[in-house]
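Peer 1:
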Amino acid sequence: MSEASADRATSAGTTSVEAPSALGADVGRRIGVGLMYGLWKPRVLGAWRVPATGPVILAPNHSHIVDGPMVIGVAPRPSHFLVKKEAFVGPLGPFMRAVGQVEVDRSTADRTAITRALAVLANGGVLGIFPEGTRGEGDFASLRAGLSYFAVRSGAPIVPVAVLGSTERRGRLIKGLPPLRSRVDVVFGDPFEAGDGSGRRTRKALDEATVRIQQQLGAHLEHARRLTGRR
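Here the sequence shown is numbered in full-length UniProt numbering, starting from 1 and rising by one per residue.
See below:
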């Protein structure tokens with residue numbers, strides 16, 4: 001997503017797009033708490049670092065399908081995650097929209113998704129973005145520009161999140177998921193500002209913000225690995 005294309009995408013029709021439901025996100029978090037703590041044994045470290053009020057962007061690594069629901073369930077505040085449109089299939093689609101998640105078309109500058117995500121932050125909510133854009137090694141080695149765009153444009157602080165243990169072993173009953181009642185560590189880091197304080201939203205400013213973000217996320221992941229003893 002380029003700065004110019006994203007700004008063009010939000011330059012018209014902004015007021016006609018409804019913001020994701022904050023109440024729905026709260027319901028989603030409650031459901032997530034029950035599922036994540038019922039199926040696995042999350043160990044949550046540093047949740048107090050998430051600001052109690054105001055706009056915040058959660059930036060977790062992403063190596064397993066369970067990472068998003070895990071963060072939603074253990075985060076101290078309800079959150080709205082940007083989720084690829086391919087996940088909104090069958091009955092899961094209406095459910096995810098009802099619990100405040102944001103459907104995004106990754107193949108284009110999705111005006112509706114961008115506007116809804118910015119509305120979350122403008123309303124003082126929590127927006128979840130996987131910086132890598134898709135599942136991978138979960139090491140923050142390759143970041144897309146989306147996170148820097150939302151952080152620089154909104155001014156919201158970024159809280160790095162490391163999810164560790166979701167890919168260590170496969171479950172016996174459901175091989176695509178971690179073993180039932182296994183431990184998954186979720187480590188929240190200190191919030192930081194992506195911008196340089198100038199308020200610039202140029203291509204260069206975005207690129208510089210992406211470098212700062214990658215350094216901060218990488219450092220947090222290494223800290224989380226040392227803290228938990230997991231890779």
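Beta carbons: idealized from backbone N, C-alpha and C, even for Gly.
(1) Apart from the five residues on each side of it in sequence, which residues of its chain come closer than 7 Å, Cβ to Cβ, to V27?
(2) Compare the beta carbon distance of R225 and G165 with 8 Å and say whether it is the shorter of the two.
(3) Using the beta-carbon count (16 or more within 10 Å), is Y37 buried or exposed?
(4) Compare the Cα-Cα distances from F188 to each of F95, N61, V152 and report the closest residue.
(5) Please classify D207 as buried or exposed, where buried requires at least 16 other C-beta atoms within 10 Å of its C-beta.
(6) Indicate whether L180 and L58 have their beta-carbon atoms separated by less than 8 Å.
(7) Can you tell me the Cα-Cα spacing of Q101 and S63, whole angstroms?
(8) Could you give the DSSP three-state label for V66: helix, strand or coil?
(9) Less than 8 Å separating the beta-carbons of K85 and V71?
(10) Strictly by DSSP, which residues pair up with V102?
(11) Find out if the Cβ-Cβ distance for the pair P131, L217 is shorter than 8 Å.
(12) Roughly how many whole angstroms lie between the Cα atoms of H80 and G93?
Peer 2: In brief:
(1) The residue given as residue 27 occupies position 27 in the sequence shown. Correct list, in chain order: V99.
(2) In the sequence shown, residue 225 corresponds to position 225, counting from 1. In the sequence shown, residue 165 corresponds to position 165, counting from 1. Contact flag unset, no.
(3) If you number the sequence shown from 1, residue 37 lands on position 37. Per the 10 Å Cβ criterion, exposed.
(4) Within the sequence shown, residue 188 is the residue found at index 188, counting from 1. With distances taken between Cα atoms, F188 lies closest to N61.
(5) By one-based count along the sequence shown, residue 207 stands at place 207. Under this definition D207 is an exposed residue.
(6) Position 180 of the sequence shown, counted from the first residue, corresponds to residue 180. Position 58 of the sequence shown, counted from the first residue, corresponds to residue 58. Not closer than 8 Å, so no.
(7) Taking the sequence shown and counting its residues from 1, the one referred to as residue 101 is at position 101. Taking the sequence shown and counting its residues from 1, the one referred to as residue 63 is at position 63. Their Cα atoms are separated by approximately 19 Å.
(8) To locate residue 66, count along the sequence shown from 1; it is residue 66. Reduced to three states, the DSSP call for V66 is coil.
(9) Sequence index remark: in the sequence shown, residue 85 carries index 85 (1-based). Sequence index remark: in the sequence shown, residue 71 carries index 71 (1-based). Not closer than 8 Å, so no.
(10) Here residue 102 refers to the residue found at position 102 of the sequence shown. In the DSSP output, where bridge partners are listed per residue, V102 has L82.
(11) Your numbering for residue 131 matches position 131 in the sequence shown. Your numbering for residue 217 matches position 217 in the sequence shown. For P131 and L217, yes; Cβs fall inside 8 Å.
(12) Taking the first residue of the sequence shown as position 1, residue 80 is located at position 80. Taking the first residue of the sequence shown as position 1, residue 93 is located at position 93. Straight-line Cα distance between these residues: approximately 14 Å.
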